[in-house]
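Presented below is the structure to which this report refers.
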Amino acid sequence: MSYQSSEYLVENWNQEQLDLELSAPHQAVGDAVICVDRDGILVLWNPGAERLFGFSSQEAIGEPLDLIIPHAYRKPHWEGFHAAMRQNQTRLGTKVIRVPMLRKDKSQFRGALTVGIVRGENNRIERIGAMIREETENKGTQE
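In terms of my numbering, the sequence shown is residues 1194 to 1336.
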């Protein structure tokens, strides 16, 4: 079964069905998959995120996204996040962005990520998800 867009899922499935439908793919991929609610609180944290960041899902879910954002980058992150919530859209689209990220052991790395929006009633942003992988100068791009 294929879907045209995430909007189809939100419009045609209740949240329990949506969570069940999306659970298998995000658990199976090697990349980190995370999702935050409108307040920036982590609501989804897959095994790839556990490996990349070092936090278990029990440690991460319910925490603010600051958990993985280096202190020096938090202010600009939250300014952009809150602007996206006010404007009901992100400026990122489907672009791959590269940002410093923070592991549990406090080490930093360069993360490459794409962002997706889950919309709810009245087309309002309810969650923002991201697929993340480490990108270091030594690794190069892997396909």
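Virtual Cβ for every residue (Gly too), placed ideally from N, Cα, C.
Would the beta-carbon of residue i fall within 8 Å of that of residue j?
i	j	result
residue 1318	residue 1277	yes
residue 1237	residue 1258	no
residue 1240	residue 1266	no
My guess is that residue i and residue j are in contact by the Cβ rule of under 8 Å, so how many angstroms apart are they, rounded?
i	j	result
residue 1303	residue 1229	That pair is no contact at about 20 Å.
residue 1287	residue 1310	Not a contact, Cβ separation roughly 11 Å.
Sort the options by Cα distance to residue i and report the nearest one.
i	options	result
residue 1297	1226, 1252, 1312 and 1267	1252
residue 1291	1272, 1262 and 1316	1262
residue 1272	1232, 1316 and 1315	1232
Given this structure, state the Cα-to-Cα distance separating residue i from residue j, to the nearest angstrom.
i	j	result
residue 1289	residue 1313	24 Å
residue 1300	residue 1275	26 Å
residue 1280	residue 1328	30 Å
residue 1316	residue 1268	27 Å
Excluding sequence positions up to five away, which residues of its chain have a Cβ less than 6 Å from the Cβ of residue i?
i	result
residue 1322	1228 and 1309
residue 1305	1289, 1291, 1326 and 1328
residue 1256	1235
Near residue i, which residues of its chain fall below 7 Å by C-beta distance, leaving aside the five closest residues on each side in sequence?
i	result
residue 1249	1243
residue 1245	1225, 1325 and 1327
residue 1295	1261, 1262, 1263 and 1301
residue 1270	1262
residue 1254	1235, 1236 and 1238
residue 1285	1308
residue 1223	1241
Going along the chain, which residues of its own chain have a beta-carbon closer than 8 Å to the beta-carbon of residue i, five neighbours each way excluded?
i	result
residue 1247	1296, 1297 and 1298
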